[in-house]
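In full-length UniProt numbering, the protein residues as written are 1 to 182.
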């Protein structure tokens, strides 16, 4: 009695007849497994996309590091604060300054900031006052001279120039002593 032949077309002889409740359960299970397979496939695609994004980020990071190293290696003292002598612009405009404030690294327009005449750095007035490198009196004189042909030197360049002058004076004194000894 378990194997009954069916009179419906398309069914094989000897097929087992299942109750409707079992068929409904099988349909639900089939749908669940199909949905689960779709979710697994979607998850695999997401993992693959994430892996590709991580690889792209790694490559970009390597490229940026290589580009930064190449720029640093190609820089020389003569490149710092390049001045175009053939330019018709005033000397303070002829320098190629950076586009970002050297302290806060936010965009700085040349006419809003203090471009250094020695190095390519550019500074916001507020950043200079906050960092404590410039007193208010220095900032006032800097504001007056920053965009003139005389220009303004940042605190790093001023310190370096002062040190160079001291070393130069010491060398000249040593030379004078040597000259007297001869």
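Positions of the beta carbon are idealized from the N, C-alpha and C atoms, including for glycine.
Determine the DSSP secondary structure at residue 119, reduced to helix, strand or coil. Residue 119: coil per DSSP, three-state reduction.
Does the distance from the CB of residue 122 to the CB of residue 142 come in under 7 Å? In this structure, residue 122 sits away from residue 142, with a CB-CB distance that is not shorter than 7 Å.
For residue 126 and residue 69, what's the separation of their Cα atoms in angstroms? Approximately 31 Å between the Cα atoms of the pair.
Identify whether residue 157 lies in helix, strand or coil by the three-state DSSP scheme. Secondary structure at residue 157: helix, using DSSP grouped into helix, strand and coil.
In terms of DSSP beta bridges, what is residue 32 paired with? Under DSSP, residue 32 takes part in no beta bridge, so it has no partner.
How would you call residue 27, buried or exposed, if buried means at least 16 neighbouring beta carbons within 10 angstroms? Exposed: under 16 other Cβ atoms inside 10 Å.
Compute the distance between the beta-carbons of residue 152 and residue 114, then report whether it is under 7 Å. Yes; because the gap between Cβ atoms is below 7 Å, this pair is in contact.
Buried or exposed, going by whether 16 or more other CB atoms sit within 10 Å of the CB of residue 49? The residue is exposed, with fewer than 16 neighbouring Cβ atoms inside 10 Å.
Contacting residues, own chain, Cβ-Cβ under 7 Å from residue 146 (five flanking each side not counted): Cβ-Cβ distances below 7 Å link residue 146 to 114, 115, 152 in the same chain, with the five nearest sequence neighbours on each side left out; the list follows chain order.
Among residues of its own chain, excluding the 5 on either side of residue 80, which ones have a beta-carbon nearer than 6 Å to its beta-carbon? Confidence at residue 80 is low in this model, with a pLDDT of 46, below 50, so the placement of that residue should be treated as unreliable; the coordinate-derived value is given next. Same-chain partners within the cutoff: 119.
Mapping DSSP to helix, strand and coil, what is residue 101? Residue state for residue 101 is assigned as strand, using DSSP reduced to three classes.
Assuming the contact rule is C-beta atoms closer than 8 Å, residue 154 and residue 124 should be a hit. Round their C-beta distance to whole Å, please. That belief does not hold up - the Cβ atoms of residue 154 and residue 124 are roughly 12 Å apart, past 8 Å.
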